[in-house]
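Novice:
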Amino acid sequence: MLHNIRMRLLIILLFLLPFLSACVTTTSKEADIQLNSEIKEIEENALSLIQSGDYSEAAREYLNLSQKNEKRFTFYIIKAIDAFTEGKNYDKAYEILIKNTLNNQDVEVHIRTKILNAYIDLESGRPGKTLNLLNEITEDEIPKSFKIAFHEIYAKSNLAHGNYIKAALEQLKLTEYLSSPKIIEDNSRKVWEIFELIPKSELEDLRLVAPDELLSWLELALINQTYKYQPKKLENTIDGWAQRYQNHDAYDSITKELINKSTQFAQRPSKIGLLLPLTGQYKKYAIAVRDGFLAAWYLDRQEKADIEIYNANSSNIIEIYQKALNDGVDYIVGPLEKEATNQLYGNTNASIKILALNRQDLKNDKSGNKNLFQFGLSLEDEAGQVAEIAISDGHKRALVLTPDTLLGDRLADAFVKHWLELGGEVSKHTRFINNTTDFSSPVKELLNIDKSEQRAEDLLNKLKIVGFDKVHNVERRRQDADFIFIAAKPKHARQLIPQLRFHYADNLPIYSTSHIFTGIIDSAKDIDLNDVIFIDMPWILDTKRQLSIVQDALNRNWSQEKSGYRRQYALGIDAYNLIPNINRLNHEEDSFMIGETGDLTIVRDNIIKRNLRKAKFIEGKPVLLN
């Protein structure tokens with residue numbers, strides 16, 4: 003669009019030629035026929051500067067020429083404005099334009115100038131000024147040659163303000179001024195691109211207020227939003243739409259593109275192999291994943307694939323994978339264990355898509371295969387997200403408290419690494435013994451209370467020498483931190499946090515990952531977690547999801563023992579629902595899937611990242627924030 007606008011701006015400026023305020027002085031006949039060598043040299047230099055991308059310097063050369071050749075003054079002013087505009091030096095272009103049209107009282111000149119000013123304001127990041135200028139112009143005032151420029155600029159400025167309907171309407175108005183079928187088709191695509199930006203909820207609201215000429219476009223956008231991942235349903239509904247709006251500009255090229263894209267993104271396998279460790283130490287996790295996966299399959303209203311379930315672990319993963327291929331499986335979900343995932347990734351050049359339910363060690367990835375995707379409940383990712391939340395909440399200096407376990411060290415490393423990348427500081431990191439019941443010592447160490455006590459003891463020893471046997475000591479915690487990141491399971495957190503508050507840290511906000519919460523509301527036990535901010539998946543926190551059919555069945559049929567594996571159940575649900583969405587997430591920029599485990603996106607190395615919800619314990623219960 004910008005290229006077209008710029009081309010038209012030259013036409014606009016040419017229309018200004020008779021009206022520019024500078025006087026053109028008649029020179030000698032010889033000067034009219036041939037420019038002197040100095041002017042030619044400057045012209046050639048200006049052209050060379052344009053070609054090299056030095057637009058500002060080229061503009062200055064043209065301004066120089068305007069002073070040297072009065073007969074071509076206007077021509078060089080136009081060239082200077084064009085060069086400044088091309089180089090995005092809009093303020094300078096604006097300054098020159100105003101300076102050379104300020105005294106002209108012609109109405110058409112002022113309309114033309116106002117439109118050009120609006121363009122410069124728009125390109126300078128001032129869409130509000132653009133709208134103000136264009137709102138002052140009525141349709142009847144616009145010279146015919148300026149109609150296209152006016153509506154293009156008006157459409158773009160409204161779009162910048164989120165005025166989608168107005169932007170689409172202005173873009174659509176251009177059609178009556180266009181003659182070429184190709185240009186008309188391109189303009190229709192621009193109208194459609196505006197509607198693609200509008201969320202489904204807004205489309206439904208706008209349907210009630212949209213002008214008649216936009217209803218057809220709005221209906222098509224709603225159809226696409228509703229059925230974009232159901233190709234057959236989309237095609238049938240578009241056919242009905244086309245019957246209502248015959249010979250519509252969007253029909254054929256745009257609608258065919260929508261159907262093709264839907265077909266491409268919604269490709270479904272015919273037979274899925276679910277590879278899980280249904281025996282051994284991960285049995286309970288695997289069963290929860292399996293049950294969630296099958297629940298999602300059962301509720302799927304589209305054409306369903308066959309499901310083949312395999313008992314796969316790190317000792318037999320390669321063998322089971324090959325068996326699944328021999329059985330005709332064309333999509334694999336699993337494995338669940340990290341070691342099995344590493345083995346599969348390191349020894350397989352997958353010809354079909356694999357959605358692993360764990361994160362491989364990247365150093366083991368020797369395949370480089372684009373069919374391998376990694377999805378799981380990564381606590382390291384959660385630690386990084388907590389860091390992002392803390393920095394957005396305005397914190398700068400962190401205290402870190404984690405258990406002396408491999409997982410604790412991984413969480414601490416992940417948090418600290420991301421926190422430092424965000425510009426934060428770590429004042430202290432303390433590890434607590436995982437199997438202890440005494441958390442006083444690590445808390446004192448974290449807060450420097452132990453040093454406060456030591457200073458008091460040293461002072462008392464010195465005073466005893468001169469006859470004093472008592473000293474009044476007030477413990478003081480360190481003052482170089484503004485929040486605490488804690489990685490702890492509920493049973494530990496319920497003891498640690500009261501200790502932190504007892505030792506004068508009650509005014510320090512506390513942040514944590516999801517494993518501070520069992521996933522089951524127990525206000526009596528979790529009352530000591532009050533005010534702790536943490537993140538967790540929508541399946542656990544969102545009451546709307548808890549009212550769903552699947553959640554209701556889960557609550558009624560699962561034993562208390564199984565309730566501890568709700569997150570794995572949600573993982574199974576999302577694993578199934580990711581299958582028809584993988585292509586879309588992988589190819590559409592900024593696309594995401596609203597899942598039970600979080601908002602899902604694909605990042606580097608085909609890793610599926612979860613964006614979780616923010617919550618706070620209030621009266622012992624988790625409450626969603628923002």
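For this note's numbering, add 2 to where a residue sits in the sequence shown, where the first one is 1.
Glycine residues also receive a C-beta, built at the ideal position from the N, C-alpha and C atoms.
Tell me whether the beta-carbon of residue 571 lies closer than 8 angstroms to the beta-carbon of residue 123.
Specialist: In the sequence shown, the residue the question calls residue 571 occupies position 569. In the sequence shown, the residue the question calls residue 123 occupies position 121. No, Cβ-Cβ distance for residue 571 and residue 123 is not below 8 angstroms.
Novice: My output table needs one value for residue 270: the three-state DSSP class, helix, strand or coil.
Specialist: For the purposes of this step, residue 270 is taken as the residue at position 268 of the sequence shown. In this structure, residue 270 counts as coil in the three-state DSSP scheme.
Novice: Can you find a heavy atom of the ligand FAD that lies under 7 angstroms from the Cβ of residue 328?
Specialist: Absent from the structure shown: the ligand FAD. Ligands present: none.
Novice: Which residue marks the beginning of the alpha helix (DSSP H) containing residue 331, and which one marks its end?
Specialist: Counting from 1 along the sequence shown, the entry for residue 331 is found at position 329. Per DSSP, residue 331 belongs to no alpha helix (DSSP H) and is neither H nor E.
Novice: How long is the line joining the alpha carbons of residue 619 and residue 529, rounded to whole angstroms?
Specialist: Here residue 619 refers to the residue found at position 617 when the sequence shown is read from its first residue. Here residue 529 refers to the residue found at position 527 when the sequence shown is read from its first residue. Computed Cα separation, rounded: 8 angstroms.
Novice: Per DSSP, residue 371 forms a beta bridge with which residues?
Specialist: Position 369 of the sequence shown holds residue 371. Paired residue(s): none; residue 371 is not in a bridge.
Novice: Give the secondary structure of residue 153 by DSSP, where H, G and I count as helix, E and B as strand, and everything else as coil.
Specialist: Against the sequence shown, residue 153 aligns to sequence position 151. The answer is helix: DSSP assigns residue 153 an H, G or I state.
Novice: Let me know if residue 211 comes out buried or exposed under the rule of 16 or more other beta-carbons within 10 Å of its beta-carbon.
Specialist: Indexing the sequence shown from 1 puts residue 211 at position 209. Exposed, by the Cβ-count rule.
Novice: Any idea what DSSP makes of residue 25, helix, strand or coil?
Specialist: Along the sequence shown, one-based indexing puts residue 25 at 23. Annotation note: pLDDT 43 at residue 25 (below 50); position unreliable, coordinate value reported separately. Coil.
Novice: State the CB to CB distance for the pair residue 196 and residue 162, rounded to an integer number of angstroms; the pair is presumed to be in contact (CB under 8 angstroms).
Specialist: By one-based count along the sequence shown, residue 196 stands at place 194. By one-based count along the sequence shown, residue 162 stands at place 160. With 8 angstroms as the limit, residue 196 and residue 162 do not qualify as a contact, their Cβ atoms being about 12 angstroms apart.
Novice: Where residue 274 and residue 295 are concerned, what is the direct C-alpha to C-alpha distance, given to the nearest angstrom?
Specialist: What you label residue 274 is simply residue 272 of the sequence shown in a count that begins at 1. What you label residue 295 is simply residue 293 of the sequence shown in a count that begins at 1. A direct Cα-Cα distance of roughly 11 angstroms separates residue 274 from residue 295.
Novice: Quick one, are the C-beta atoms of residue 300 and residue 276 less than 8 angstroms apart?
Specialist: As a position in the sequence shown, residue 300 is number 298, starting the count at 1. As a position in the sequence shown, residue 276 is number 274, starting the count at 1. If you check the CB distance, residue 300 and residue 276 do not come in under 8 angstroms.
Novice: Report the residue from 289, 591, 423, 102 whose alpha carbon sits nearest the alpha carbon of residue 336.
Specialist: Here residue 336 refers to the residue found at position 334 when the sequence shown is read from its first residue. The shortest Cα separation from residue 336 among 289, 591, 423, 102 belongs to 289.
Novice: So, with DSSP's three-state summary, where would you put residue 347?
Specialist: One-based indexing of the sequence shown puts residue 347 at position 345. If DSSP states are grouped into helix, strand and coil, residue 347 belongs with the helices.
Novice: What residues match up with residue 312 in a beta bridge as DSSP calls it?
Specialist: By one-based count along the sequence shown, residue 312 stands at place 310. 277.
Novice: Restricting to Cα atoms, I'd like to know which of 154, 160, 164, 168 is closest to residue 176.
Specialist: The residue labelled residue 176 in the question sits at position 174 within the sequence shown. Measuring from the Cα of residue 176, the nearest candidate turns out to be 154.
Novice: Could I get the ranges of all uninterrupted alpha helix (DSSP H) runs contained in the region 65 to 141, with 4 residues as the minimum, in chain order?
Specialist: As far as the region 65 to 141 is concerned, its whole alpha helix (DSSP H) runs of at least 4 residues are 75 to 88, 92 to 103, 109 to 125, 129 to 137.
Novice: CB-CB under 8 angstroms to residue 96, same chain, minus the five flanking residues each way: which ones, in chain order?
Specialist: As a first step, residue 96 is located in the sequence shown; it is residue number 94 there, counting from the start. So the qualifying residues of the chain are 119, 122, 123, 126.
Novice: Would you give the residue range spanned by the beta strand (DSSP E) that residue 404 belongs to?
Specialist: Stepping through the sequence shown from its first residue, residue 404 is reached at position 402. Residue 404: member of the beta strand (DSSP E) spanning 399 to 405, first to last residue.
Novice: Look at residue 615 and residue 538 and say whether their C-beta atoms are less than 8 angstroms apart.
Specialist: Numbered from 1 along the sequence shown, position 613 holds the residue referred to as residue 615. Numbered from 1 along the sequence shown, position 536 holds the residue referred to as residue 538. Yes.
Novice: Which residues in the same chain have their Cβ closer than 7 angstroms to the Cβ of residue 230, if we skip the five residues on either side of it in sequence?
Specialist: Locating residue 230 in the sequence shown gives position 228, where the first residue counts as 1. For residue 230, where only same-chain residues beyond five positions count, the Cβ hits under 7 angstroms are 236, 264.
Novice: Alpha carbons only, please: which of 531, 450, 133, 297 is nearest the one belonging to residue 574?
Specialist: Working through the sequence shown from its first residue, we reach residue 574 at position 572. Of 531, 450, 133, 297, the residue nearest in Cα terms is 297.
Novice: What separation, rounded to the nearest whole angstrom, lies between the Cα atoms of residue 413 and residue 381?
Specialist: Residue numbering aside, residue 413 sits at position 411 when the sequence shown is read from its first letter. Residue numbering aside, residue 381 sits at position 379 when the sequence shown is read from its first letter. If I take the Cα positions, the gap works out to 7 angstroms.
Novice: Per DSSP, which one or two residues make a beta bridge with residue 624?
Specialist: Translated into the one-based positions of the sequence shown, residue 624 becomes position 622. According to DSSP, residue 624 bridges with 619.
Novice: For residue 202, collect the residues of the same chain with a Cβ closer than 8 angstroms to its Cβ; drop the 5 residues on either side in sequence, then sort them by chain order.
Specialist: On the sequence shown, position 200 is the one that residue 202 refers to. Counting only Cβ-Cβ distances below 8 angstroms, and skipping sequence neighbours, we find 224, 227, 228.
Novice: Tell me, which residues are paired with residue 538 by DSSP?
Specialist: For this step, residue 538 is matched to residue 536 along the sequence shown. Paired residue(s): 615.
Novice: What residues in its chain sit with their C-beta under 7 angstroms from that of residue 35, if we drop five residues either side in the sequence?
Specialist: Counting from 1 along the sequence shown, the entry for residue 35 is found at position 33. Only weak support is given to the placement of residue 35: the predicted model assigns it a pLDDT of 47, under 50, and the question is left unresolved by the model.
Novice: Among all the DSSP beta bridges, which residues are the ones paired with residue 486?
Specialist: Residue 486 sits at position 484 when you count from the first residue of the sequence shown. Bridge partners of residue 486: 401, 512.
Novice: Where do the N-terminal and C-terminal ends of the beta strand (DSSP E) with residue 207 fall, by residue?
Specialist: For the purposes of this step, residue 207 is taken as residue 205 along the sequence shown, with counting starting at 1. It is not in any beta strand (DSSP E) - residue 207 instead sits in the alpha helix (DSSP H) that spans 202 to 208.
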